[in-house]
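Taking the numbering used here, the leading residue of the sequence shown gets 12, the next gets one more, and so forth.
Please read the structure below before turning to the comments.
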Amino acid sequence: MTQSFQFSLLATDGAARRGEVSMPRGTIRTPAFMPVGTAGTVKAMYMDQVRDLGADIILGNTYHLMLRPGAERVARLGGLHEFARWPHPILTDSGGFQVMSLAQLRKLSEKGVTFKSHIDGVVHEMSPERSIEIQGLLGSDIQMQLDECVALPAERDVIERSMELSLRWADRCKIAFGDQPGRAMFGIVQGGDDEALRVRSAEALTGLDLKGYAVGGLAVGEPQPVMLAMLDAVCPALPQHKPRYLMGVGTPDDIVKSVQRGIDMFDCVMPTRAGRHGLAYTRHGKINLRNARHAEDSRPLDAESDCPAARDYSRAYLHHLVKAGEALGGMLLTWNNLSYYQSLMQGLRDAIEAGRLADHAAALAEGWARGDL
Ligand SMILES: CCOC(=O)Nc1nc2cc3nc(NC)[nH]c3cc2c(=O)[nH]1
Numbered sequence: 012m013t014q015s016f017q018f019s020l021l022a023t024d025g026a027a028r029r030g031e032v033s034m035p036r037g038t039i040r041t042p043a044f045m046p047v048g049t050a051g052t053v054k055a056m057y058m059d060q061v062r063d064l065g066a067d068i069i070l071g072n073t074y075h076l077m078l079r080p081g082a083e084r085v086a087r088l089g090g091l092h093e094f095a096r097w098p099h100p101i102l103t104d105s106g107g108f109q110v111m112s113l114a115q116l117r118k119l120s121e122k123g124v125t126f127k128s129h130i131d132g133v134v135h136e137m138s139p140e141r142s143i144e145i146q147g148l149l150g151s152d153i154q155m156q157l158d159e160c161v162a163l164p165a166e167r168d169v170i171e172r173s174m175e176l177s178l179r180w181a182d183r184c185k186i187a188f189g190d191q192p193g194r195a196m197f198g199i200v201q202g203g204d205d206e207a208l209r210v211r212s213a214e215a216l217t218g219l220d221l222k223g224y225a226v227g228g229l230a231v232g233e234p235q236p237v238m239l240a241m242l243d244a245v246c247p248a249l250p251q252h253k254p255r256y257l258m259g260v261g262t263p264d265d266i267v268k269s270v271q272r273g274i275d276m277f278d279c280v281m282p283t284r285a286g287r288h289g290l291a292y293t294r295h296g297k298i299n300l301r302n303a304r305h306a307e308d309s310r311p312l313d314a315e316s317d318c319p320a321a322r323d324y325s326r327a328y329l330h331h332l333v334k335a336g337e338a339l340g341g342m343l344l345t346w347n348n349l350s351y352y353q354s355l356m357q358g359l360r361d362a363i364e365a366g367r368l369a370d371h372a373a374a375l376a377e378g379w380a381r382g383d384l
């Protein structure tokens with residue numbers, strides 16, 4: 012068990028990397044998918060199940076937890092790992108993105124963001140320093156800088172000013188983070204859909220010598236080719252021997268194409284949220300269990316899966332649960348979806364080690380395109 016934060020590059024295949032992040036609370040095998048545990052829970056899952064599916068790390072949302080139950084309260088109760096019974100690494104976001112998408116009446120200035128809670132209307136001030144303080148109170152292993160995710164499309168000078176603000180906040184967060192052995196603070200590359208601004212952001216953050224780098228400001232509705240073009244510009248401008256985390260991504264296809272461009276870590280609400288809405292992710296593509304065509308289909312989602320939710324329940328039963336609004340429907344589909352995402356990541360890790368990522372990616376795409384025979 013290490014007392015420090017170390018990233019080791021174990022193998023590469025083109026721009027893709029197979030690595031390991033070793034931390035005091037455990038090792039993260041990369042490429043890695045981080046299930047989103049917004050308010051200290053991966054919705055509809057027990058934490059033991061999340062672990063059994065192969066997740067090495069989960070994501071917690073600062074915005075939600077600071078509003079309820081409150082960061083100081085979580086600290087008094089022993090921190091988020093103890094509170095939520097997840098003893099492995101946790102990455103927390105800085106809350107910036109959620110403030111801009113969830114809070115009412117938010118104001119952004121050099122100082123930070125001021126907003127009214129969407130729960131009880133209380134006004135909160137979140138400076139870069141306070142964001143890091145909150146993440147420390149939660150006991151977060153990987154803390155994110157406070158940043159501004161500019162909405163696209165935007166004028167170049169708006170993107171530039173926003174990117175430069177995030178850089179100043181990165182510096183303030185690094186100072187506020189100080190020296191927390193075994194923990195890390197990641198910078199967040201911004202710059203919208205402008206390659207030159209993206210490279211400037213990546214190079215400036217590299218100069219701060221942080222433990223890892225996130226790519227933010229993407230997966231905000233831009234076409235996939237735009238997102239991938241930004242990765243083609245950013246990844247070569249980031250240090251080879253530090254982890255790269257693409258925020259909010261994505262579909263299985265997004266993940267494969269991003270791994271091929273050098274991304275190591277992902278988080279996305281898709282598998283959990285879609286599961287609660289009746290959608291199953293499988294190696295044959297997406298299956299919408301709300302659709303009446305499943306009403307008498309006695310086949311499971313995937314007879315070859317080692318996940319009981321995929322292997323042991325008929326589509327007819329899942330369709331019934333979803334139509335009836337039964338809690339078990341969301342539970343089984345979330346279980347299936349997270350299982351599929353973790354098996355996707357395991358397959359990518361194996362393919363990079365074996366130097367056959369291109370063939371593996373083609374086989375995956377063929378399976379998704381073949382659809383659900
Ligand atoms: C997870 C760390 O988040 C932050 O602290 N800031 C941040 N979060 C983002 C989350 C995003 N989710 C999506 N798509 C679903 N795009 C995102 C961008 C950011 C971001 O720029 N900055």
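C-beta: ideal position from N, C-alpha, C; glycine also.
Chain-order list of residues whose beta-carbon lies under 8 Å from that of residue i (same chain, five-residue window excluded)
i      : result
GLN109 : ASN72, THR73, TYR74, HIS75
GLY232 : LEU163
ARG79  : ALA50, ILE130
THR13  : SER33, MET34, PRO35, GLY193
TYR224 : PHE197, GLY198, ILE199, VAL200, ALA213, LEU216, THR217, LEU249, PRO250, LYS253, PRO254, ARG255, TYR256
Candidates the options, of which the one nearest residue i by Cα
i      : options                        : result
LEU242 : SER151, HIS99, SER269          : SER269
CYS246 : LEU219, ALA321, ASP275, LEU64  : ASP275
GLY296 : GLU144, SER120, LYS253, ASN347 : ASN347
PRO311 : ALA327, ARG304, ASN302, ARG301 : ALA327
GLN115 : ASP131, ARG28, ASP204          : ASP131
ARG301 : TYR324, PRO319, VAL333         : VAL333
THR41  : ASN299, GLN154, LYS253, ARG87  : LYS253
ARG360 : LEU208, ARG28, ASP370          : ARG28
ARG117 : THR103, LEU102, ASP104, VAL133 : VAL133
ARG322 : ALA291, LEU219, ALA303         : ALA291
GLN235 : LEU219, GLY261, SER212, LEU113 : GLY261
HIS288 : GLY341, ASP264, SER138         : GLY341
ALA314 : ALA303, HIS330, ARG294, ASN299 : ARG294
SER309 : VAL210, LEU119, MET34, HIS330  : HIS330
LEU113 : PHE126, LYS122, LEU102, ILE101 : PHE126
GLN357 : CYS318, GLU136, ALA43          : ALA43
Per-residue DSSP class, three states only, for residue i
i      : result
SER177 : helix
ASN299 : strand
HIS288 : coil
GLN353 : helix
GLN17  : strand
VAL110 : helix
HIS135 : strand
LYS127 : strand
GLN235 : helix
GLU337 : coil
MET388 : Outside the displayed range of the chain (12 to 384) lies residue 388, so it cannot be described from this structure.
GLN191 : coil
Same chain, Cβ closer than 6 Å to residue i, five either side skipped, listed in chain order
i      : result
VAL226 : VAL200, VAL245, LEU257
VAL32  : PHE18, ILE39, PRO254
HIS371 : ALA362
ARG141 : none
Own chain partners of residue i with C-beta closer than 7 Å, once the 5 adjacent residues on each side are dropped
i      : result
ARG272 : ALA26, LEU239, LEU242, ASP243, CYS246
PRO250 : THR217
Beta-carbon separation (whole angstroms), residue i vs residue j, contact threshold 8 Å
i      : j      : result
MET77  : ILE143 : That belief does not hold up - the Cβ atoms of MET77 and ILE143 are roughly 12 Å apart, past 8 Å.
LEU355 : ILE266 : 7 Å
GLY198 : LEU176 : Contact doesn't hold; Cβ gap of about 13 Å is too wide.
ALA82  : LEU149 : 6 Å
MET155 : SER105 : 4 Å
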